[in-house]
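In the working numbering, the protein residues as written are 167 to 553.
In this text, a Cβ means the ideal position worked out from N, Cα and C, and glycines have one as well.
These figures come from a predicted structure and were not determined experimentally.
Below is one structure, written out as structure tokens; comments come after it.
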Amino acid sequence: MSPRLALVSILTLALSAPASAQYFGQNKVQYKTFDFQILKTEHFDIYYYPAEREGADIAARLAERWYARLSRVLEHELNGRQPLVLYGSHPDFEQTNVIQGEIDEGTGGVTEPLKRRIVLPLGGPLADTDHVLGHELVHAFQFDLTTRPGMAPGENGAERLPLWFIEGMAEYLSLGPVDPNTAMWLRDAVGHEKLPAIKDLDSTQYFPYRWGHAFWAYVGGRWGDSVIGEMLIVAAAGGVDTATEKSLGLTTKELSTDWQSSIRHTYEPVLASTAALGDTARLVIKGTEIGGRLNVGPAISPDGRWIAFLSERSFFSTELYVADATTGNIVRTLTKTASNPHFSSIQFIYSAGAWDSASQRLAIATVTGGHPALAIFTVASGRQDRE
Numbered sequence: 167m168s169p170r171l172a173l174v175s176i177l178t179l180a181l182s183a184p185a186s187a188q189y190f191g192q193n194k195v196q197y198k199t200f201d202f203q204i205l206k207t208e209h210f211d212i213y214y215y216p217a218e219r220e221g222a223d224i225a226a227r228l229a230e231r232w233y234a235r236l237s238r239v240l241e242h243e244l245n246g247r248q249p250l251v252l253y254g255s256h257p258d259f260e261q262t263n264v265i266q267g268e269i270d271e272g273t274g275g276v277t278e279p280l281k282r283r284i285v286l287p288l289g290g291p292l293a294d295t296d297h298v299l300g301h302e303l304v305h306a307f308q309f310d311l312t313t314r315p316g317m318a319p320g321e322n323g324a325e326r327l328p329l330w331f332i333e334g335m336a337e338y339l340s341l342g343p344v345d346p347n348t349a350m351w352l353r354d355a356v357g358h359e360k361l362p363a364i365k366d367l368d369s370t371q372y373f374p375y376r377w378g379h380a381f382w383a384y385v386g387g388r389w390g391d392s393v394i395g396e397m398l399i400v401a402a403a404g405g406v407d408t409a410t411e412k413s414l415g416l417t418t419k420e421l422s423t424d425w426q427s428s429i430r431h432t433y434e435p436v437l438a439s440t441a442a443l444g445d446t447a448r449l450v451i452k453g454t455e456i457g458g459r460l461n462v463g464p465a466i467s468p469d470g471r472w473i474a475f476l477s478e479r480s481f482f483s484t485e486l487y488v489a490d491a492t493t494g495n496i497v498r499t500l501t502k503t504a505s506n507p508h509f510s511s512i513q514f515i516y517s518a519g520a521w522d523s524a525s526q527r528l529a530i531a532t533v534t535g536g537h538p539a540l541a542i543f544t545v546a547s548g549r550q551d552r553e
């Protein structure tokens with residue numbers, strides 16, 4: 167997560183018994199009361215509630231493994247113990263009062279700079295939790311590495327750096343050099359001849375996580391990961407241009423030219439051997455004048471007649487729709503979250519509908535009353551059968 171928005175070998179761990187309860191979430195509206203315990207490892211104080219003890223044990227091993235990797239790459243040991251606050255699901259995580267403000271369902275984790283606390287949910291595949299934990303721990307190292315004597319509490323040099331620089335570094339160090347999402351963005355930019363220069367990455371037009379990841383993958387691949395910590399410290403003190411010249415021996419413009427050339431060299435052959443989209447497919451679902459730019463989570467019925475998808479075409483909210491797979495015409499709107507508050511979320515970022523074998527009923531993951539739920543609809547009537 168953005169530092170500007172508050173701020174995301176097997177090790178043998180010496181795990182102590184849970185310490186006395188701690189309480190978070192005193193001011194934010196909550197559905198639950200969380201009775202936090204503390205699990206101590208070599209470097210972490212891990213806050214969890216009893217129902218998630220097994221998850222906390224797993225997170226402890228992941229956290230220490232990430233600490234070993236990052237301290238080696240960045241040549242740095244964190245000052246003091248590292249707090250890690252765990253929640254059992256994203257709806258629970260959204261109730262946290264460790265940080266101010268609302269947490270949307272697209273936020274995978276948070277690292278706040280004042281006390282350097284990492285907060286994240288354990289929901290989803292273990293690989294996702296591992297990635298988010300590594301990503302957020304990079305932010306903790308960034309804050310610690312760029313804090314200097316005389317700074318106010320919570321102040322650090324990392325927060326003054328561009329988002330693509332900070333978030334891209336966290337993505338590179340937690341994912342490695344290759345990621346299919348980043349590759350998709352790069353391939354698309356090459357195909358449309360819209361590769362940005364490094365100086366362009368400050369623009370909101372360029373997604374900082376993916377373009378920043380691409381930048382650091384190139385730097386790490388060419389100069390080695392040992393330059394990353396040095397570049398961070400120099401950039402925090404004197405800016406990205408200064409860090410590029412001192413650490414890499416190139417101006418930002420020279421580096422940008424080399425970086426763009428490398429991307430083209432990688433993806434132009436792929437594009438040349440790939441059929442154009444219009445040659446193999448046709449557009450079925452498209453936007454409208456008042457909404458529908460976001461059309462995600464498609465699920466085709468087994469008989470091929472229908473497409474279920476999530477869209478904000480209602481203008482006020484994101485809903486679950488069913489369309490004719492041939493014409494694209496909407497035949498049913500299954501949810502109306504703007505007028506019916508029963509569903510507080512339909513998990514549009516990570517979810518998609520699932521059909522039964524008869525192509526008559528559709529299930530979708532939702533959040534109701536702060537709890538994950540599965541809603542099942544009969545498509546012909548639009549009626550919700552059960553939850």
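Checklist entry - How would you write the range of the alpha helix (DSSP H) that E333 sits in, first residue to last? => result Where E333 is concerned, the enclosing alpha helix (DSSP H) stretches over 329-341.
Checklist entry - L398 by DSSP, collapsed to three states: which one? => result helix
Item to check | Whole-angstrom distance between T532 and L540, CA atom to CA atom | outcome: Rounded to whole angstroms, L540 to T532 spans 6 Å at the Cα level.
Item to check | In chain order, each beta strand (DSSP E) run of at least 3 residues that lies wholly inside the region 235-278 | outcome: 248-253, 276-278
Item to check | Validate contact between the region 339-348 and the region 312-327 using beta carbons, cut 8 Å, 3 pairs | outcome: no
Checklist entry - According to DSSP, is Q550 helix, strand or coil? => result strand
Checklist entry - Does the beta-carbon distance from S477 to G458 come in below 8 Å? => result yes
Checklist entry - What is the residue span of the beta strand (DSSP E) that Y213 lies within? => result Annotation for Y213: the continuous beta strand (DSSP E) segment containing it runs 210-214.
Next on the checklist: Cutting at 8 Å between CB atoms, please list the residues of its own chain near K452, excluding the five before and the five after it.
Outcome noted: G458, N461, G494
Checklist entry - Would DSSP call I515 helix, strand or coil? => result coil
Item to check | Helix, strand or coil at I204 according to DSSP, with G and I counted as helix | outcome: strand
Checklist entry - Looking only at DSSP bridge pairs, what is F475 linked to? => result According to DSSP, which records beta bridges pairwise, F475 is partnered with Y487.
Checklist entry - Would you report the Cα separation of T544 and T499, rounded to the nearest angstrom? => result Rounded to whole angstroms, the separation of the alpha carbons of T499 and T544 is 11 Å.
Checklist entry - Between H537 and P257, is the Cβ-Cβ spacing less than 8 Å? => result Contact flag set, yes.
Checklist entry - For the region 327-339 against the region 400-412, are there 3 or more C-beta pairs whose distance is under 8 Å? => result yes
Checklist entry - Taking the C-alpha atoms as reference points, what is the distance between A442 and T273? => result 34 Å
Item to check | Helix, strand or coil at V450 [DSSP, three-state] | outcome: coil
Checklist entry - Is the number of C-beta pairs between the region 209-220 and the region 236-250 that are closer than 8 Å three or more? => result yes
Checklist entry - Taking L421 as the reference, which of W389, G444, A529 has the closest Cα? => result W389
Next on the checklist: Checking the sheet assignment: what are the DSSP bridge partners for W521?
Outcome noted: L528
Checklist entry - Nearest CA to the CA of V276: which residue from T446, L311, A336, D522? => result A336
Next on the checklist: Helix, strand or coil, according to DSSP, for F537 in the structure here?
Outcome noted: Per the sequence shown, residue 537 should be read as His rather than Phe. Reduced to three states, the DSSP call for H537 is strand.
Checklist entry - Does DSSP put G463 in a helix, in a strand, or in coil? => result strand
Checklist entry - Are the beta-carbon atoms belonging to Y433 and L352 less than 8 Å from one another? => result yes
Next on the checklist: Here's a check: name, in chain order, each residue in its chain whose Cβ is nearer than 6 Å to the Cβ of A363, leaving out the five neighbours to either side.
Outcome noted: S422
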